[in-house]
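Chemist: Have a look at this one.
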Amino acid sequence: MRLTRLYLPEELAPGKELPLPENARRHLIQVLRARPGQRLRLFNGRGGEYEAELVRAERREAIVRVHAFDPVDRESPLDLTLVQGIAKGPRMDLALQKATELGVRRIVPLVCARSSLPGKRLDRKHEHWLGVIASACEQSGRTRLPELFPPLTLDEYLNEPTPQRLFLHPETTPAVQAFGELEREARIDVVVGPEGGLSETERTQLLAAGA
Numbered sequence: 427m428r429l430t431r432l433y434l435p436e437e438l439a440p441g442k443e444l445p446l447p448e449n450a451r452r453h454l455i456q457v458l459r460a461r462p463g464q465r466l467r468l469f470n471g472r473g474g475e476y477e478a479e480l481v482r483a484e485r486r487e488a489i490v491r492v493h494a495f496d497p498v499d500r501e502s503p504l505d506l507t508l509v510q511g512i513a514k515g516p517r518m519d520l521a522l523q524k525a526t527e528l529g530v531r532r533i534v535p536l537v538c539a540r541s542s543l544p545g546k547r548l549d550r551k552h553e554h555w556l557g558v559i560a561s562a563c564e565q566s567g568r569t570r571l572p573e574l575f576p577p578l579t580l581d582e583y584l585n586e587p588t589p590q591r592l593f594l595h596p597e598t599t600p601a602v603q604a605f606g607e608l609e610r611e612a613r614i615d616v617v618v619g620p621e622g623g624l625s626e627t628e629r630t631q632l633l634a635a636g637a
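If you want my numbering, it's the position in the sequence shown, counting the first as 1, plus 426.
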């Protein structure tokens with residue numbers, strides 16, 4: 427039977443008992459109907475995971491006991507970064523979910539000319555996106571969370587030193603061919619535009635930067 431995996435962003439150690447945060451507790455107790463004695467797998471996003479057991483299951487409180495550490499490593503050998511143009515809510519969430527499941531190491535939300543910006547809610551979006559990424563790690567078996575950068579403009583992103591950049595465009599080299607020409611052991615950034623794609627100015631900037 428597949429064990430439920432939970433992301434807990436804190437120090438974990440064998441023998442430690444700790445309460446589950448509200449969202450995890452509600453999902454485990456009210457949705458999955460978990461009861462004391464149920465075995466779990468916990469991870470904190472820093473590598474490896476822990477065997478654990480639910481020892482208290484109440485509507486307002488759930489306690490887990492941490493058992494043995496498993497140094498399992500399921501990370502991709504490719505050093506990939508997704509630079510994703512900020513898209514409308516569900517589409518952005520889907521992009522982050524699938525990128526996490528595929529094994530990217532970093533995610534950079536990119537403010538593009540055609541981005542759908544949530545305005546004053548942009549700061550709060552970072553916390554929401556972290557939740558999407560954590561959930562994708564729980565479901566896919568990953569033990570390390572991709573690093574989520576704060577939203578950057580294209581100018582800010584291009585100021586960061588990156589040896590290999592690609593951007594997706596229907597009139598350029600096919601992606602499979604482009605990847606085949608890259609150094610696989612080095613970091614590779616893939617820039618994807620929002621709905622409507624990258625603007626002509628943005629494509630020109632990327633080409634000038636060596637993409």
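The beta carbon of each residue, even a glycine, is placed where N, CA and C say it ideally should be. For clarity, every value in this text was computed on a predicted model and none was experimentally measured.
1. Any idea which residues DSSP pairs residue 615 with across the strands?
2. Based on the DSSP secondary-structure assignment, which residues constitute the bridge partners of residue 489?
3. Give the straight-line distance between the Cα atoms of residue 492 and residue 451, rounded to the nearest whole angstrom.
4. In this structure, does DSSP put residue 526 in helix, strand or coil?
5. On the DSSP letters alone, give me the boundaries of the beta strand (DSSP E) that residue 536 sits inside.
6. On the DSSP letters alone, give me the boundaries of the beta strand (DSSP E) that residue 430 sits inside.
7. Once you ignore the five residues that flank residue 635 on each side, which residues in its own chain have a CB closer than 8 Å to its CB?
8. Would you call the segment 571-578 in contact with the segment 616-624, where contact means no fewer than 3 C-beta pairs closer than 8 Å?
9. Opposite residue 469 in the DSSP bridges: which residues?
10. Ends of the alpha helix (DSSP H) at residue 454?
11. Strictly by DSSP, which residues pair up with residue 579?
12. Out of 434, 474 and 629, state which residue places its alpha-carbon closest to the alpha-carbon of residue 489.
13. Can you tell me whether residue 574 is helix, strand or coil according to DSSP?
14. Report back the beta-carbon spacing between residue 578 and residue 534 to the nearest angstrom; my notes put them in contact at under 8 Å.
15. Would you check if the distance between the CB atom of residue 466 and the CB atom of residue 507 is smaller than 8 Å?
16. Using a Cβ-Cβ cutoff of less than 7 Å, which residues in the same chain neighbour residue 558 once the five nearest sequence positions on both sides are dropped?
17. With burial defined as no fewer than 16 other Cβ atoms inside 10 Å of the residue's Cβ, what is the status of residue 494: buried or exposed?
18. In terms of residues, what are the limits of the alpha helix (DSSP H) holding residue 631?
Modeler: Result, derived from the coordinates:
1. Numbered from its first residue, the sequence shown carries residue 615 at position 189. Answer is 507 and 591.
2. Here residue 489 refers to the residue found at position 63 when the sequence shown is read from its first residue. DSSP output for residue 489 lists 445 and 482 as bridge partner(s).
3. For the purposes of this step, residue 492 is taken as the residue at position 66 of the sequence shown. For the purposes of this step, residue 451 is taken as the residue at position 25 of the sequence shown. Each residue's Cα considered, the two are about 16 Å apart.
4. For this step, residue 526 is matched to residue 100 along the sequence shown. Helix at residue 526.
5. As a first step, residue 536 is located in the sequence shown; it is residue number 110 there, counting from the start. Note, residue 536: beta strand (DSSP E), 532-537.
6. As a working mapping, residue 430 is identified with position 4 in the sequence shown. Here the beta strand (DSSP E) through residue 430 covers 430-433.
7. As a working note, residue 635 is residue 209 in the sequence shown. For residue 635, where only same-chain residues beyond five positions count, the Cβ hits under 8 Å are 584 and 591.
8. no
9. Numbered from its first residue, the sequence shown carries residue 469 at position 43. Partner(s): 433.
10. For the purposes of this step, residue 454 is taken as the residue at position 28 of the sequence shown. Segment: none, residue 454 is in no alpha helix (DSSP H) and carries neither H nor E.
11. In the sequence shown, the residue the question calls residue 579 occupies position 153. BP columns for residue 579 point to 537.
12. Here the question's residue 489 lines up with position 63 in the sequence shown. Among 434, 474 and 629, the Cα nearest to that of residue 489 is on 434.
13. Counting from one through the sequence shown, the residue named residue 574 turns up at place 148. If DSSP states are grouped into helix, strand and coil, residue 574 belongs with the strands.
14. Along the sequence shown, one-based indexing puts residue 578 at 152. Along the sequence shown, one-based indexing puts residue 534 at 108. 6 Å between Cβ atoms; contact.
15. Within the sequence shown, residue 466 is the residue found at index 40, counting from 1. Within the sequence shown, residue 507 is the residue found at index 81, counting from 1. No, they are not a contact pair.
16. As a first step, residue 558 is located in the sequence shown; it is residue number 132 there, counting from the start. Result list for residue 558: 519, 522 and 523, in chain order.
17. Numbered from its first residue, the sequence shown carries residue 494 at position 68. Exposed, since its Cβ has fewer than 16 Cβ neighbours within 10 Å.
18. Translated into the one-based positions of the sequence shown, residue 631 becomes position 205. Start and end: 626-634.
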